[in-house]
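As you go down the protein sequences, you meet chains A and B in turn.
Residues 23 to 86 (the numbering used here) make up the first sequence, in order.
Residues 10 to 659 (the numbering used here) make up the second sequence, in order.
Heads up: the structure comes next, in structure tokens.
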Amino acid sequence: MFGGGRIKLDKDLLARVKKYSDIAGYSSVEEFITHALEKELAKLEDAGSEEEIKKRLKGLGYIS
Amino acid sequence: MRVRFALFLIAGLGCGCARGSGGDRAPGKRVIILGFDGVDYEFTKKLMDEGKLPNFSRAAHEGSFGPLETSIPPQSPVAWSNFITGMDSGGHGIFDFLHRNPETLVPVFSMSEVAEGGTTLEIGKYQFPLSGGAFELLRRGRAFWEVLENHGIETTVIRMPANYPPSGTATRELSGLGTPDLRGNYSDFSFYTSKLFAFAGEDIAGGDVYEVDIYDGVVEAKLYGPDNPFLIETEKLASEFTVFLDPVDPVAKIVAGSEEVVLREGEWSGWVPVEFPMIPTQTLGGMVRFYLRSVRPDFELYASSIQIDPMAPAFPISTPKDYATELAKAGGRFYVQGLPEDTKARESGVITTEEFLAQAHIAGKEFADQFPYVLDHFDDGLLFFYLGNVDQISHVMWKVLDPGHPAYDPEVDPKYAGLIEELYVGLDGIVGQALERLSTDDTLVVMSDHGFASWRRSFHLNAWLKEKGYLVVKDPGMEEDPGMFVNVDWARTRAYGVGLNGLYVNLKGREKNGIVPEEKRKALLDEIAAALLAEVDPKTGGPVVTKAYQREETYKDRGELEIGPDIIVGTAKGTRISGQSALGAVGKEVLTDNVDEWSGDHLMDHETVPGILLTNRPLKRPAHRLQDLGQSVLLEFGIDESIQPGERED
Numbered sequence: 023m024f025g026g027g028r029i030k031l032d033k034d035l036l037a038r039v040k041k042y043s044d045i046a047g048y049s050s051v052e053e054f055i056t057h058a059l060e061k062e063l064a065k066l067e068d069a070g071s072e073e074e075i076k077k078r079l080k081g082l083g084y085i086s
Numbered sequence: 010m011r012v013r014f015a016l017f018l019i020a021g022l023g024c025g026c027a028r029g030s031g032g033d034r035a036p037g038k039r040v041i042i043l044g045f046d047g048v049d050y051e052f053t054k055k056l057m058d059e060g061k062l063p064n065f066s067r068a069a070h071e072g073s074f075g076p077l078e079t080s081i082p083p084q085s086p087v088a089w090s091n092f093i094t095g096m097d098s099g100g101h102g103i104f105d106f107l108h109r110n111p112e113t114l115v116p117v118f119s120m121s122e123v124a125e126g127g128t129t130l131e132i133g134k135y136q137f138p139l140s141g142g143a144f145e146l147l148r149r150g151r152a153f154w155e156v157l158e159n160h161g162i163e164t165t166v167i168r169m170p171a172n173y174p175p176s177g178t179a180t181r182e183l184s185g186l187g188t189p190d191l192r193g194n195y196s197d198f199s200f201y202t203s204k205l206f207a208f209a210g211e212d213i214a215g216g217d218v219y220e221v222d223i224y225d226g227v228v229e230a231k232l233y234g235p236d237n238p239f240l241i242e243t244e245k246l247a248s249e250f251t252v253f254l255d256p257v258d259p260v261a262k263i264v265a266g267s268e269e270v271v272l273r274e275g276e277w278s279g280w281v282p283v284e285f286p287m288i289p290t291q292t293l294g295g296m297v298r299f300y301l302r303s304v305r306p307d308f309e310l311y312a313s314s315i316q317i318d319p320m321a322p323a324f325p326i327s328t329p330k331d332y333a334t335e336l337a338k339a340g341g342r343f344y345v346q347g348l349p350e351d352t353k354a355r356e357s358g359v360i361t362t363e364e365f366l367a368q369a370h371i372a373g374k375e376f377a378d379q380f381p382y383v384l385d386h387f388d389d390g391l392l393f394f395y396l397g398n399v400d401q402i403s404h405v406m407w408k409v410l411d412p413g414h415p416a417y418d419p420e421v422d423p424k425y426a427g428l429i430e431e432l433y434v435g436l437d438g439i440v441g442q443a444l445e446r447l448s449t450d451d452t453l454v455v456m457s458d459h460g461f462a463s464w465r466r467s468f469h470l471n472a473w474l475k476e477k478g479y480l481v482v483k484d485p486g487m488e489e490d491p492g493m494f495v496n497v498d499w500a501r502t503r504a505y506g507v508g509l510n511g512l513y514v515n516l517k518g519r520e521k522n523g524i525v526p527e528e529k530r531k532a533l534l535d536e537i538a539a540a541l542l543a544e545v546d547p548k549t550g551g552p553v554v555t556k557a558y559q560r561e562e563t564y565k566d567r568g569e570l571e572i573g574p575d576i577i578v579g580t581a582k583g584t585r586i587s588g589q590s591a592l593g594a595v596g597k598e599v600l601t602d603n604v605d606e607w608s609g610d611h612l613m614d615h616e617t618v619p620g621i622l623l624t625n626r627p628l629k630r631p632a633h634r635l636q637d638l639g640q641s642v643l644l645e646f647g648i649d650e651s652i653q654p655g656e657r658e659d
């Protein structure tokens, strides 16, 4: 699973993943999980964009 | 910052004001508090002694006037939180404009945050928000006006700082300092120019510069909003506008949606409503103010930060939710963001001093013009009314009072020598308006959160920590440190500075890469505090730091103490921690002249920058500290009850 890496999922969670990956039209469970993980990572990477944060903080008059 | 659609959906929240069933008050009692940000005690006293503030003097004659001890550190979010809650930072949890997340070491704003947790439904490239996060006020503790409301006393709280989103606990509230613009920022101007390479290579903080082309006398441009919450891929909302340049006269017509405005060079527009299309059926509304700098030879147009439109707020900015709209209908649209004076555009050189003063005057007048309306609708209870114009203009213009300031321009600045005084005289007029409405049984309180001082010398705290061996850099040869601690070697760093007065130990188990064991923390803090106090500025011959407040010894309240800095650095009057150091740059020099336009400040030893307290009658319980004033206000209504339930009273 996932290019050779193995990830353990709770049995109930895996059942829900299977169910909703079918409903959402994903071709496989792997595709669904990959999509979900990429979305979460993108969120974290966006939040961690230091340049964006710095630019915003520098909007405060006290920071030159 | 990404602004989530869910934020817009909660515009209707926050109107559940907690009214008590009281009735145990003296009927008809009225207290008006005028909160004047940054009004300095010494300067006020001087003007009063010279007879230039007759209404201040009239009130003081029957009441009192004196210095008001500010907070540690003397920063507005901290000071106002002390006033609101009667607690110090250890209790209300606001220690600085900037805190840091110990797990990431990234600086963050202290007053509010976007709470996560939203869910969305995705269809194709769109996502449809179902529920989710919202701005959350991070100030802890009960506000003093909530006690009044619990006793059945109506309160109106206009632009109280550190109260965004509005607490929902007053009868009427309008949020102030801490309120962002539509993009979630504190400053976000836009500047459009046809000049090639304008500001090329310059670090423009607080806004963006856009190069535009002119075709047949027409400029097509866009205003940018927050990220489109409906799109899965990040993309900023945009609102197009067109500028038609007059071929002969220095005039232009701006067309934004269905709005048209004609401006001459050097003219400011009123508020122009703008709409940002999100999906075919949804738009996000805001408003903007334009300033036509030039038509020829180069086209230059300034646009303010996009504001939340009080006529139809996209975010909650008042209690009840339509109170902002009521004010806008009564007196016109107004700046909604906290600190609306565009100091960043001035600092970056995008606008001149004259243009900054014109913009700041507009902002100040909008707020002051609301006072008569608010007074007319004030029957009894508490009215708090805030004005921040003096503070923001003093930051940029204080050097005109100090010919010894490194940025003082003897050719230009004498022209503005009377500027600060004129602002104080303007406040005297506001005091006069209040006095006219009050009877002898009513109480007027005029207060400020801190004073002001000339900021001549910059102290680069992280560079000092490096020099003393407490902080180690990865690359000693780095020429331009971009900040955010990119050059810090955490494995060998014992202490670091974040924010405008904060110093933290790189504590094991707390910081992401902490190395200092808890048992060695106190000894390290004692050592650093002693070294800070011993530091001498070779240029002035005086101390750099006059107070090194260790948090456990400084704050009496404890609930939020753990998030605060280990040492709050109180620099000597005239010296301030640099903005670069505040955001994690180390750099090479420890002390430099401050040559920025931002020439006045107060982020120093708190004893050197007291605010003011003026009353029209002796308070039943005199207050000498900002932190005690809320309690004194309660007693004016005959309420002798601690602001914080179960808390001690000093």
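Built from N, CA and C at the ideal position, the CB exists for glycine as well.
Inset, instruction - Answer with yes or no whether the minimum CB distance from N194 of chain B to chain A is below 7 Å. - result: Here the question's residue 194 of chain B lines up with position 185 in the second sequence. So, interface residue.
Inset, instruction - Say whether chain A places a C-beta atom closer than 7 Å to the C-beta of D33 of chain B. - result: Walking along the second sequence from the start, residue 33 of chain B turns up at place 24. The pLDDT assigned to D33 of chain B is 49, lower than 50, so where the model puts this residue is not dependable; a value taken from the coordinates is nonetheless given after this. No, no contact with chain A.
Inset, instruction - Name, in chain order, the residues that DSSP records as bridge partners for Q640 of chain B. - result: In the second sequence, residue 640 of chain B corresponds to position 631, counting from 1. Note: Q640 of chain B sits in no beta bridge, so no partner.
Inset, instruction - Using a Cβ-Cβ cut-off of less than 9 Å, list which residues of the region 472-493 of chain B approach chain D; keep chain order. - result: In the structure shown, chain D cannot be found, because the protein chains are A and B.
Inset, instruction - Would you verify that the beta carbon of I55 of chain A is, or is not, closer than 7 Å to some beta carbon of chain B? - result: One-based indexing of the first sequence puts residue 55 of chain A at position 33. Under the 7 Å criterion on CB atoms, I55 of chain A is classed as non-interfacial with respect to chain B.
Legend entry - Short CB-CB distance (under 7 Å) between D605 of chain B and chain A: Here residue 605 of chain B refers to the residue found at position 596 when the second sequence is read from its first residue. True, the Cβ-Cβ gap to chain A drops below 7 Å.
Inset, instruction - Could you work out which residue in B:D49, B:P76 and B:V115 is closest to G79 of chain A when comparing CA atoms only? - result: For the purposes of this step, residue 79 of chain A is taken as residue 57 along the first sequence, with counting starting at 1. A quick correction: the sequence has Leu, not Gly, at residue 79 of chain A. The shortest C-alpha separation from L79 of chain A is found at B:V115.
Inset, instruction - Kindly indicate if chain A contains any beta-carbon less than 7 Å away from that of G215 of chain B. - result: Counted from its first residue, the second sequence places residue 215 of chain B at position 206. Put simply, the CB of G215 of chain B is near chain A, with a gap under 7 Å to one of its CB atoms.
Inset, instruction - Give the interface partners of Y48 of chain A over in chain B, defined as CB-CB distance under 9 Å, in chain order. - result: Working through the first sequence from its first residue, we reach residue 48 of chain A at position 26. The premise fails here: Y48 of chain A is roughly 12 Å from chain B at the closest Cβ pair, so nothing lies under 9 Å.
Legend entry - Proximal residues, the region 335-359 of chain B versus chain A, C-beta separation under 7 Å: For the region 335-359 of chain B, the set of residues with a beta-carbon nearer than 7 Å to any beta-carbon of chain A comprises L348, T352, K353 and E356, in chain order.
Legend entry - S314 of chain B versus F365 of chain B - alpha carbon distance: Residue 314 of chain B sits at position 305 when you count from the first residue of the second sequence. Residue 365 of chain B sits at position 356 when you count from the first residue of the second sequence. Roughly 14 Å separates the two Cα atoms.
Legend entry - Assigned secondary structure, K204 of chain B (DSSP; H/G/I helix, E/B strand, else coil): Locating residue 204 of chain B in the second sequence gives position 195, counting from the first residue. Correct three-state label for K204 of chain B: coil.
Legend entry - is_contact[Y42 of chain A, chain B] using C-beta, thresh 7 Å: Walking along the first sequence from the start, residue 42 of chain A turns up at place 20. Not one chain B Cβ lies under 7 Å of Y42 of chain A.
Inset, instruction - Please confirm whether H101 of chain B and R149 of chain B have their CB atoms less than 7 Å apart. - result: Mapped onto the second sequence, residue 101 of chain B falls at position 92. Mapped onto the second sequence, residue 149 of chain B falls at position 140. Taking 7 Å as the cut-off, the beta carbon of H101 of chain B is found closer than this to the beta carbon of R149 of chain B.
Legend entry - chain A within 7 Å of G579 of chain B, Cβ atoms only: Here residue 579 of chain B refers to the residue found at position 570 when the second sequence is read from its first residue. Not an interface residue.
Legend entry - H633 of chain B vs F461 of chain B beta-carbon contact at 7 Å: Here residue 633 of chain B refers to the residue found at position 624 of the second sequence. Here residue 461 of chain B refers to the residue found at position 452 of the second sequence. It is not a contact, given that the beta carbons lie outside the stated cut-off.
Inset, instruction - Would you mind working out which of B:R519, B:A88 and B:D535 sits nearest P619 of chain B, comparing C-alpha positions? - result: Reading the second sequence from its first residue, position 610 is the one you call residue 619 of chain B. Ranking B:R519, B:A88 and B:D535 by Cα distance to P619 of chain B puts B:A88 first.
Legend entry - Neighbour flag for G83 of chain A against chain B, beta carbons, 7 Å: What you label residue 83 of chain A is simply residue 61 of the first sequence in a count that begins at 1. Using a CB distance cut-off of 7 Å, G83 of chain A counts as an interface residue toward chain B.
Inset, instruction - Figure out for me which residue from B:Y50, B:P319 and B:S590 has the closest Cα to the Cα of L470 of chain B. - result: Your numbering for residue 470 of chain B matches position 461 in the second sequence. In terms of Cα proximity to L470 of chain B, the closest of B:Y50, B:P319 and B:S590 is B:S590.
Legend entry - Interface partners of V116 of chain B on chain A, CB under 9 Å: Counted from its first residue, the second sequence places residue 116 of chain B at position 107. According to the sequence as given, residue 116 of chain B is Pro; it is not Val. Within 9 Å Cβ-Cβ: I75, K76 and L79.
Legend entry - Inter-residue CB distance, P83 of chain B and H459 of chain B (contact presumed, cutoff 8 Å): Against the second sequence, residue 83 of chain B aligns to sequence position 74. Against the second sequence, residue 459 of chain B aligns to sequence position 450. Contact between P83 of chain B and H459 of chain B holds: their C-beta atoms lie close to 4 Å from each other, under 8 Å.
Inset, instruction - Would you kindly check if the distance between the Cβ of D437 of chain B and the Cβ of E62 of chain B is under 7 Å? - result: Within the second sequence, numbered from 1, the residue matching residue 62 of chain B stands at position 53. Within the second sequence, numbered from 1, the residue matching residue 437 of chain B stands at position 428. Reading off the sequence shown, one finds Leu at residue 62 of chain B, where the question assumed Glu. Contact: yes.
Inset, instruction - Evaluate the contact criterion for the region 40-50 of chain A versus the region 90-109 of chain B: three or more CB pairs, one atom per stretch, below 8 Å. - result: Judged by Cβ distances under 8 Å, the region 40-50 of chain A makes no contact with the region 90-109 of chain B, as fewer than three pairs qualify.
Legend entry - M406 of chain B beta carbon less than 7 Å from that of L622 of chain B: For the purposes of this step, residue 622 of chain B is identified with residue 613 of the second sequence, where counting begins at 1. For the purposes of this step, residue 406 of chain B is identified with residue 397 of the second sequence, where counting begins at 1. No, the Cβ-Cβ distance between L622 of chain B and M406 of chain B is not below 7 Å.
Legend entry - Interface flag, E60 of chain A vs chain B, CB-CB below 7 Å: Counting from one through the first sequence, the residue named residue 60 of chain A turns up at place 38. Interface criterion not met: the Cβ of E60 of chain A is under 7 Å from no Cβ in chain B.
Legend entry - Same chain only: Cβ atoms within 6 Å of P423 of chain B, ignoring 5 sequence neighbours per side: Residue 423 of chain B sits at position 414 when you count from the first residue of the second sequence. Once the five neighbours on either side are set aside, P423 of chain B has no close Cβ partner at all.
Inset, instruction - Work out the CA separation of V595 of chain B and P286 of chain B for me, nearest whole Å. - result: Translated into positions along the second sequence, residue 286 of chain B becomes position 277. Translated into positions along the second sequence, residue 595 of chain B becomes position 586. Between the alpha carbons of P286 of chain B and V595 of chain B lies a distance of about 43 Å.
Inset, instruction - Provide the residue span of the beta strand (DSSP E) that contains G216 of chain B, from first to last. - result: On the second sequence, position 207 is the one that residue 216 of chain B refers to. Residues G216 to E220.
Legend entry - Which of helix, strand or coil DSSP assigns to T53 of chain B: Taking the first residue of the second sequence as position 1, residue 53 of chain B is located at position 44. It is helical.
Inset, instruction - For chain A, find out if any of its Cβ atoms is closer than 7 Å to the Cβ of A591 of chain B; answer yes or no. - result: If you number the second sequence from 1, residue 591 of chain B lands on position 582. At a cut-off of 7 Å between beta-carbon atoms, A591 of chain B makes contact with chain A.
Inset, instruction - Inspect the beta-carbon positions of Q653 of chain B and R151 of chain B and report whether they are closer than 7 Å. - result: Along the second sequence, read from residue 1 onward, the residue named residue 653 of chain B stands at position 644. Along the second sequence, read from residue 1 onward, the residue named residue 151 of chain B stands at position 142. Taking the C-beta atoms as reference points, R151 of chain B is found nearer than 7 Å to Q653 of chain B.
Legend entry - Pick from B:G279, B:L635 and B:I429 that is closest to I402 of chain B, judged by C-alpha positions: To locate residue 402 of chain B, count along the second sequence from 1; it is residue 393. Checking every option, the nearest Cα to that of I402 of chain B belongs to B:I429.
Legend entry - the region 196-205 of chain B / the region 345-361 of chain B touching (three or more Cβ pairs under 8 Å): Taking 8 Å as the limit for Cβ pairs, the verdict is that the region 345-361 of chain B does touch the region 196-205 of chain B.
Legend entry - Proximity winner among B:D225, B:G294, B:P329 and B:S121, relative to T178 of chain B (alpha-carbon distances): The residue given as residue 178 of chain B occupies position 169 in the second sequence. T178 of chain B has its Cα closest to that of B:P329, out of B:D225, B:G294, B:P329 and B:S121.
Legend entry - Assumed close pair V156 of chain B, E645 of chain B - CB separation to whole angstroms, cut-off 8 Å: As a position in the second sequence, residue 156 of chain B is number 147, starting the count at 1. As a position in the second sequence, residue 645 of chain B is number 636, starting the count at 1. V156 of chain B to E645 of chain B, Cβ: 12 Å. No contact.
Inset, instruction - Enumerate, from N- to C-terminal direction, the unbroken beta strand (DSSP E) stretches of 3 or more residues contained entirely within the region 495-525 of chain B. - result: Within the region 495-525 of chain B, the complete beta strand (DSSP E) runs of at least 3 residues are 504-507 and 511-514.
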